[in-house]
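In terms of the numbering used here, the sequence shown opens at residue 14 and continues consecutively. Here is the structure we will look at, set down as structure tokens.
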Amino acid sequence: MSVKMGVKKIQIGQLWRKNDTGDVYLVTRVYSEALSTIVVLRKSGAEDEALTRLRAENTPKGPGIPGYSPAQDEENY
14 MSVKMGVKKI
24 QIGQLWRKND
34 TGDVYLVTRV
44 YSEALSTIVV
54 LRKSGAEDEA
64 LTRLRAENTP
74 KGPGIPGYSP
84 AQDEENY
């Protein structure tokens, strides 16, 4: 039995799946702002749509994006 772990670090180029729609988003930017880590996401295949900006959170499994889960296994990062 293997336990699925979260990612160790949110990085540019990672793919995250939106939990409620299943759409896949690409991390295009990660930066710090007033004691928070901000992640900028772009919907995969939709370059002309607006970017989504979210605050990353720390979870027991590692860093995460609220409402999203990694779209790939950790070893692919």
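Every residue gets a Cβ at the ideal spot worked out from N, C-alpha and C, and that includes glycine.
Counting only the same chain and skipping the five closest in sequence on each side, list residues whose C-beta sits under 7 Å from that of Arg-66.
Residue mapping note: residue 66 aligns to position 53 of the sequence shown, counting from 1. Correct list, in chain order: Ile-51, Val-53.
Can you tell me whether Pro-83 is buried or exposed? The criterion is at least 16 other CB atoms within 10 Å of its CB, across all chains shown.
Here residue 83 refers to the residue found at position 70 of the sequence shown. It counts as buried.
Rounded to the nearest angstrom, how far is the Cβ of Lys-31 from that of Gly-77, given a contact under 8 Å?
Counting from 1 along the sequence shown, the entry for residue 31 is found at position 18. Counting from 1 along the sequence shown, the entry for residue 77 is found at position 64. Taking 8 Å as the upper bound for CB-CB distance, Lys-31 and Gly-77 are not in contact here, some 13 Å apart.
If you draw a straight line from the C-alpha of Val-40 to the C-alpha of Ala-47, how long is it?
For this step, residue 40 is matched to residue 27 along the sequence shown. For this step, residue 47 is matched to residue 34 along the sequence shown. Val-40 and Ala-47: Cα-Cα distance of roughly 20 Å.
Ignore the nearest five residues each way along the sequence and tell me which others in Leu-64's own chain have a CB closer than 6 Å to its CB.
Walking along the sequence shown from the start, residue 64 turns up at place 51. Counting only residues of its own chain and dropping the five nearest sequence neighbours on each side, Leu-64 has a CB closer than 6 Å to the CB of Val-53, Arg-55.
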